[in-house]
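Okay, structure first, notes after.
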Amino acid sequence: MSDTQVATPAAAPAVLTARQARWRQLRLQWHVLTRNTLQKISLGFIILLILLAIIAPYIVPYPESIAGVPSAEEVLQGPSRSHLFGTDEFGRDIFSRVLYGARISLMAGVVCTLLSAVIGSVLGVIAAGMRGVVDEIIMRICDVFLSFPMIVLAIVIAAFWGGSLQNAIIALTVVGWPFFARLIRGTAVSVRERPYVRAAQALGASRLSMIFRHILPSSIGPVVTMATLQLGGTILQLSAMSFLGVGAQPPTPEWGLMINESRTYFLSAWWYMTFPGIAISVTVLAFNLLGDGLNEVFNPRTRGRA
Amino acid sequence: MARFIIRRIGLSILVLMGVLVIMFAVMRAAPVDPVTQYAGIRATEEQRAEVRTLLGLDKPVVVQMGVYIKNFFTGDWGASLMTKRPVIDDIADTLPYTLDLIILSVILTLLIGIPLGVISAVRKDRWPDHASRVLAVGLISIPAFWLALALQYVFSGKLGVLPLSGAHATEIALGDPITKITGFPLIDSLITGNLSAFGDYVAHLVLPVASMTGIGLAGAQRITRSTMVETLTEEYIVAKRSYGLPERRVQYRHGLKNSIGPVITSTAVFAASMIVTTFLIESIFSWPGMGSYVATGVAQLDYPVIMGVTLVSAVGFLVLNTLADILLAVIDPRVRLG
Amino acid sequence: MADHLRIRDLKVGFQTFDGFVEILDIGDIHIEKGEAYGLVGESGAGKTVLALAILGLLRQPPAEVKAEELSLDGEPLLEKSQKELREIRGRRISMILQDPMSALDPAFDVGYQLSEVIRLRNKMDRKEAREKALEFMRMVELPDPEMMLDKYPHQLSGGQRQRIVIALALACGSQFLIADEPTRNLDVTVQASVLKTIHRLREELGVSLLFIANNLSLVSVMCNRVGILLKGRIVETGRVRDILDDPLHPYTLDLLRAVPSKEEQLDEDEIKRDVEIADPSRSRCALYPRCKFRGPACEGDTAFELVSVSPTHSVACPYALQSLAAASGALATAGATTASDAVAAATDGGD
Chain W
1309 MSDTQVATPA AAPAVLTARQ ARWRQLRLQW HVLTRNTLQK ISLGFIILLI
1359 LLAIIAPYIV PYPESIAGVP SAEEVLQGPS RSHLFGTDEF GRDIFSRVLY
1409 GARISLMAGV VCTLLSAVIG SVLGVIAAGM RGVVDEIIMR ICDVFLSFPM
1459 IVLAIVIAAF WGGSLQNAII ALTVVGWPFF ARLIRGTAVS VRERPYVRAA
1509 QALGASRLSM IFRHILPSSI GPVVTMATLQ LGGTILQLSA MSFLGVGAQP
1559 PTPEWGLMIN ESRTYFLSAW WYMTFPGIAI SVTVLAFNLL GDGLNEVFNP
1609 RTRGRA
Chain V
611 MARFIIRRIG LSILVLMGVL VIMFAVMRAA PVDPVTQYAG IRATEEQRAE
661 VRTLLGLDKP VVVQMGVYIK NFFTGDWGAS LMTKRPVIDD IADTLPYTLD
711 LIILSVILTL LIGIPLGVIS AVRKDRWPDH ASRVLAVGLI SIPAFWLALA
761 LQYVFSGKLG VLPLSGAHAT EIALGDPITK ITGFPLIDSL ITGNLSAFGD
811 YVAHLVLPVA SMTGIGLAGA QRITRSTMVE TLTEEYIVAK RSYGLPERRV
861 QYRHGLKNSI GPVITSTAVF AASMIVTTFL IESIFSWPGM GSYVATGVAQ
911 LDYPVIMGVT LVSAVGFLVL NTLADILLAV IDPRVRLG
Chain F
30 MADHLRIRDL KVGFQTFDGF VEILDIGDIH IEKGEAYGLV GESGAGKTVL
80 ALAILGLLRQ PPAEVKAEEL SLDGEPLLEK SQKELREIRG RRISMILQDP
130 MSALDPAFDV GYQLSEVIRL RNKMDRKEAR EKALEFMRMV ELPDPEMMLD
180 KYPHQLSGGQ RQRIVIALAL ACGSQFLIAD EPTRNLDVTV QASVLKTIHR
230 LREELGVSLL FIANNLSLVS VMCNRVGILL KGRIVETGRV RDILDDPLHP
280 YTLDLLRAVP SKEEQLDEDE IKRDVEIADP SRSRCALYPR CKFRGPACEG
330 DTAFELVSVS PTHSVACPYA LQSLAAASGA LATAGATTAS DAVAAATDGG
380 D
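Chains as they are written, first to last, in my numbering: chain W, 1309 to 1614; chain V, 611 to 948; chain F, 30 to 380.
As structure tokens, this is what we get:
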């Protein structure tokens, strides 16, 4: 009766301190997150993207292309050594514009998602904490907003108040917060019913402390996951709105806007349309993959069973 | 069961009211003066006063809202400033085209997306799973309008096998148009036996539907997979296996039936987002549906048009959600029996 | 009589984030045809894992199942493919699961779930299968089965659900039942009634039973033989009489004494011993940290083997064996008639 074991035996189960336990959990989460190559790549890509977005103005090869100073000689040229992605109808370097566009899309997306998340979380927590009539009202308001397909309402708002990137962001925030509100309320409700929370209540914990010490920590996981996934979606929608003309306005180098501008030349200048589109796709892809990974981290059941 | 349906529909009507109230508020809050819009910039004070009475703007806000809601239900949605026709007539013309796109896309999405998701879940972490997932997450990240443009470019521009835009080729539209019975070109052309028009319409349908389906099936695959993976961790799955039930039955009958709930709910959400996508796709393909109609309306700041289409979208969404909830009740006994 | 189920040297472990963790290390379990064997252990000792391992329901990474022998009716189970196992599951060995709420599919009514299993083994149409389902439901003493056929699991009470789960295991038609803590989630009175049903069924049908529980008194009522499971190892096994009259392993003693009684008064030393926790790394015996009788014989880094004390009774505890040996001397003098008396006699002299 020999002890043949295939891999390293686990250390004798020791008792961990609270800090050690938390650290171990973080390590475990990181391990799950970066488990496969695809996710590692997307995480790396996002970091790269953020860096690029920050330093874009400084490393762009043709800074004048961003504001749109035309250069008549180089109109509509294909990709070349001097212009990696070619030029547009004004002779502007598309590579520079795409690079700068990363900055725009990322910032806009982050602002929008963050606002939605904050507003939604606050309302969601209030709804769960206050219960009763307040809860019902907030949830019905959510329902009403959710029954408007996102972009439609956003387009309406943008159409009435003029198209601009700012208005687009506001519009999408207005339409986006119900997702977070619902999510947080759901988490909050399930947490507040848990025995340890009720025990705390019985011991006289105030509502405020319950919110901060119990509800919030449990909600962070799902919120972060949803925010990441929403971020991808928001970037898509912002570009869609710019494409339609109710978002960023020329000469802003926004990806969706660039694709719209490329339509007139679409059969002859394939590069004009292609590169901004690839930029959007790859960015959103990275966020979606990251979101998937986060989902596996915070929702262990999605990992399957033995 | 009936009680559940009635309750659900009642709830929808309430939400509909809320939607109408918001629409009214948005309209009133818009920095557009309906009087100026109607009467023109050069109108005199008397003319403006007349217009005001005509439009009912002299009545208290609550009454105005009441009038607005009543008008909604009677079909008086104002007239388009562009076409000068009642908005509701324009919508009746264009809606079938949009519905064709949406319905076909949803059907294809479900037919392709769900099986892909099931295969992924059942063969989790093996190559069919990885392949499906990469495909799905890739498709879902591509902007719909860009996919449409790309498809247009490849199949129409470069390969020339499919028509570039529109719903009917000019020869057919002029020479052998489809007689309108139901307003749905697919049905009408079949009923009247106009096969060349039918084929032509189908050819025109391919690219727009492909663009919409592409994105949709990614969503369906993802949610099906994730729900099924979770379901397959349930205790009763192990139980059924322990009785010796064949694996296929365990996964497809027990696993799938319990997973389908969230898939249906999200399909409703997805179908609603289709409403959005059609706007984009229609403008790219010059498809004569509601999307193009409202796109022009937006460009021209034709408010009755914008409002009308938004209402239809909201109502459509509501209807879809209600249907989805009812369908969910049919499938999940816990929902309908409480 | 031939062995219905025979397990020797079964090891089950899992590959986890922290490394490989061994859950079970079973030296020997053999169950004869028609016999009821009770496996008692605390939660987390690995009891359900054992049931799943026998049925081949553990996915082999991340789990790892190895055994010298794991056979049903003499047929080895470990090398079989999933396809072959599917023939065996249900037909020749079936399981009664622990939590009736999660063991039933919430999307199908009870009649359907029973018919499904029945039609697996018999060529019947739906009508006939439902008739047969009624039969099984009566067998498990469900009141008003006709009405219950169309009900969904969430509409039934815990006790009713558990009976359905039992009916499902029976409907498979197997001759070997594994009952995994079947009454764990039920109220006490319901527990008694469900157990009575299981007991009655066993007598009528003559099936063999592996009864898994965390309560020794339950097991002693239901079973012929008992195995005591401590952190994945069997530390004592014997007939019910042996264990109840003659408990040898300190853990068994703990289990038996878990019911508080008025007569016993613990003295200070005992209390101190009970509370004091020793360093677990000094011995591979899982009870070492909290064992009252720990001593130098218990230290070491190999686990202890089961040693026969009588043809039907084995124990894996050096202290018990030591005391027993010492006691055979004291037997004559103290007039003790049972092993545990002898042990007690031997320890009275000095601790």
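Cβ coordinates follow ideal geometry from the N, Cα and C atoms, glycine included.
Return yes when the Cβ of L1544 (chain W) is within less than 9 Å of the Cβ of Q1557 (chain W), no when it is not. As a working mapping, residue 1557 (chain W) is identified with position 249 in the first sequence. As a working mapping, residue 1544 (chain W) is identified with position 236 in the first sequence. No, these two residues do not count as a Cβ contact at 9 Å.
So T834 (chain V) packs on V873 (chain V), CB below 8 Å; how close in whole Å? For the purposes of this step, residue 834 (chain V) is identified with residue 224 of the second sequence, where counting begins at 1. For the purposes of this step, residue 873 (chain V) is identified with residue 263 of the second sequence, where counting begins at 1. The Cβ separation is near 5 Å, so the contact holds.
Between I679 (chain V) and chain W, is the shortest Cβ-Cβ distance under 9 Å, so that the two count as touching? Translated into the one-based positions of the second sequence, residue 679 (chain V) becomes position 69. By the rule that beta-carbons nearer than 9 Å mark a contact, I679 (chain V) does not touch chain W.
Have a look at F:K180, F:E175, F:E170, F:T218 and flag the residue whose alpha-carbon is nearest the alpha-carbon of I195 (chain F). One-based indexing of the third sequence puts residue 195 (chain F) at position 166. The shortest C-alpha separation from I195 (chain F) is found at F:E170.
Grouping DSSP H, G and I as helix and E and B as strand, with all else coil, what is Q657 (chain V)? Locating residue 657 (chain V) in the second sequence gives position 47, where the first residue counts as 1. Helix at Q657 (chain V).
At a CB-CB cut-off below 8 Å, which residues of chain B make contact with V1452 (chain W)? Considering every chain present, this structure includes no chain B. Its protein chains are W, V and F.
Quick one, which residues of the segment 823-856 of chain V are near chain F if we go by CB-CB under 9 Å, in chain order? Cβ contacts with chain F: E844, E845, Y846, I847, V848, A849, K850, R851, S852, Y853, G854, L855, P856.
Tell me the residue span of the alpha helix (DSSP H) that contains R148 (chain F). Taking the first residue of the third sequence as 1, we reach residue 148 (chain F) at position 119. Run containing R148 (chain F): 139-150, per the alpha helix (DSSP H) assignment.
Give the residues from the segment 757-778 of chain V that approach chain W closer than 9 Å (Cβ to any Cβ), ordered along the chain. Listed by position along the chain: L757, L759, A760, Q762, Y763, G767, K768.
Express the C-alpha separation of S203 (chain F) and E116 (chain F) in angstroms, rounding to a whole number. Position 87 of the third sequence, counting from 1, holds the residue named residue 116 (chain F). Position 174 of the third sequence, counting from 1, holds the residue named residue 203 (chain F). Their Cα atoms are separated by approximately 11 Å.
Taking only three categories from DSSP, how would you classify H59 (chain F)? Here residue 59 (chain F) is taken as the residue at index 30 of the third sequence, counted from 1. Three-state DSSP puts H59 (chain F) in a strand.
What is the rounded straight-line gap between the Cα of V940 (chain V) and the Cα of K62 (chain F)? Counting from one through the second sequence, the residue named residue 940 (chain V) turns up at place 330. Counting from one through the third sequence, the residue named residue 62 (chain F) turns up at place 33. V940 (chain V) and K62 (chain F) have their C-alpha atoms some 47 Å from each other.
Three-state secondary structure (DSSP) of M153 (chain F): The residue given as residue 153 (chain F) occupies position 124 in the third sequence. M153 (chain F) falls in the coil class under three-state DSSP.
Assuming F956 (chain V) and L772 (chain V) make a contact with CB atoms under 8 Å, what is their CB distance in whole Å? Shown here, chain V extends from 611 to 948; a query on residue 956 (chain V) therefore has no answer.
Does the CB of I870 (chain V) have a neighbour CB from chain W at under 9 Å? Counting from one through the second sequence, the residue named residue 870 (chain V) turns up at place 260. No - not a single Cβ of chain W is within 9 Å of the one on I870 (chain V).
In chain order, which continuous runs of the alpha helix (DSSP H) of length 4 or greater are located wholly inside the segment 1323-1390 of chain W? Taken in chain order, the unbroken stretches of alpha helix (DSSP H) that lie wholly in the segment 1323-1390 of chain W and span 4 residues or more are 1326-1341, 1345-1367, 1372-1375.
Whose C-beta lies closer than 7 Å to the C-beta of G364 (chain F) among residues of the same chain, with five residues either side of it excluded? As a working mapping, residue 364 (chain F) is identified with position 335 in the third sequence. Summary for G364 (chain F): the model assigns pLDDT 49, below 50, so the residue's position carries little reliability, and this model does not support an answer.
In three-state terms, what does DSSP make of H183 (chain F)? Indexing the third sequence from 1 puts residue 183 (chain F) at position 154. Under the three-state reduction of DSSP output, H183 (chain F) falls in the helix class.
Buried or exposed for M627 (chain V), please, with buried defined as at least 16 other CB atoms from any protein chain shown within 10 angstroms of its CB. Start at 1 with the first residue of the second sequence, and residue 627 (chain V) comes out as number 17. By the neighbour-count definition (other C-beta atoms within 10 Å, threshold 16), M627 (chain V) is an exposed residue.
Spatial neighbours of V732 (chain V) in its chain, beta-carbon cut-off 6 Å, leaving aside the 5 residues before and after: For the purposes of this step, residue 732 (chain V) is taken as residue 122 along the second sequence, with counting starting at 1. Non-local beta-carbon contacts of V732 (chain V) in its own chain, meaning distances under 6 Å to residues more than five positions away in sequence, involve Q861 in chain order.
Quickly, what does DSSP pair P696 (chain V) with across the bridge? List them, please. Stepping through the second sequence from its first residue, residue 696 (chain V) is reached at position 86. In DSSP, P696 (chain V) forms a bridge with V:A689.
Distance cutoff 9 Å, beta carbons only. Does V1590 (chain W) sit that close to anything in chain V? Translated into positions along the first sequence, residue 1590 (chain W) becomes position 282. The beta carbon of V1590 (chain W) sits closer than 9 Å to some beta carbon of chain V.
Go through its chain and collect everything with a Cβ distance to L238 (chain F)'s Cβ below 6 Å, but skip five positions before and after it. For the purposes of this step, residue 238 (chain F) is identified with residue 209 of the third sequence, where counting begins at 1. Cβ contact annotation for L238 (chain F) (same chain, cutoff 6 Å, sequence separation greater than five): A65, L206, R231, in chain order.
Quick one: list the residues of chain W neighbouring F880 (chain V), beta-carbon separation under 7 Å, in chain order. Taking the first residue of the second sequence as position 1, residue 880 (chain V) is located at position 270. Within 7 Å of the CB of F880 (chain V), no CB atom of chain W is found; the nearest one sits about 11 Å away.
Cβ contact check for the segment 817-835 of chain V and the segment 748-763 of chain V: 3 or more pairs under 8 Å: The segment 817-835 of chain V and the segment 748-763 of chain V touch, with no fewer than 3 CB-CB distances between them shorter than 8 Å.
Measure the C-alpha to C-alpha separation of V344 (chain F) and V139 (chain F) and round it to an integer number of angstroms. Here the question's residue 344 (chain F) lines up with position 315 in the third sequence. Here the question's residue 139 (chain F) lines up with position 110 in the third sequence. When rounded, the distance between both Cα atoms is 44 Å.
Under 8 Å Cβ-Cβ, which residues of chain V neighbour L1618 (chain W)? This structure does not reach residue 1618 (chain W), given that chain W is present from 1309 up to 1614, and the question cannot be answered.
Start-to-end residues for the beta strand (DSSP E) that takes in L68 (chain F): Numbered from 1 along the third sequence, position 39 holds the residue referred to as residue 68 (chain F). Counting along the chain, the beta strand (DSSP E) containing L68 (chain F) begins and ends at 65-70.
What residue range does the alpha helix (DSSP H) around T837 (chain V) cover? Taking the first residue of the second sequence as 1, we reach residue 837 (chain V) at position 227. Counted as a single uninterrupted DSSP element, the alpha helix (DSSP H) harbouring T837 (chain V) occupies residues 805-841.
Let me know if M838 (chain V) comes out buried or exposed under the rule of 16 or more other beta-carbons within 10 Å of its beta-carbon. Residue numbering aside, residue 838 (chain V) sits at position 228 when the second sequence is read from its first letter. Label assigned to M838 (chain V): buried.
Using DSSP's beta-bridge definition, name the partner residues of I941 (chain V). Numbered from 1 along the second sequence, position 331 holds the residue referred to as residue 941 (chain V). Beta-bridge partners assigned by DSSP to I941 (chain V): none are found.
Where H183 (chain F) meets chain V, residues with beta-carbon distance less than 7 Å: The residue you call residue 183 (chain F) lines up with position 154 of the third sequence. Ordered by position in chain V, the residues that pass the 7 Å Cβ test against H183 (chain F) are R944.
Report, in whole angstroms, the separation of the C-beta atoms of T841 (chain V) and S869 (chain V), which I expect to be a contact under 8 Å. Your numbering for residue 841 (chain V) matches position 231 in the second sequence. Your numbering for residue 869 (chain V) matches position 259 in the second sequence. Right, their Cβ atoms sit about 5 Å apart.
Applying the 10 Å Cβ sphere with the 16-neighbour rule, what's the burial state of K112 (chain F)? By one-based count along the third sequence, residue 112 (chain F) stands at place 83. Classification of K112 (chain F): exposed, given that the 10 Å Cβ count is below 16.
Members of the segment 721-755 of chain V that neighbour chain F once the beta carbon cut-off is set at 8 Å: Residues passing the 8 Å Cβ filter: none.
Cutoff 6 Å; reference A82 (chain F); Cβ partners in own chain excluding five residues on either side: Looking up residue 82 (chain F) in the third sequence gives position 53. Contacts found: V41, V94.
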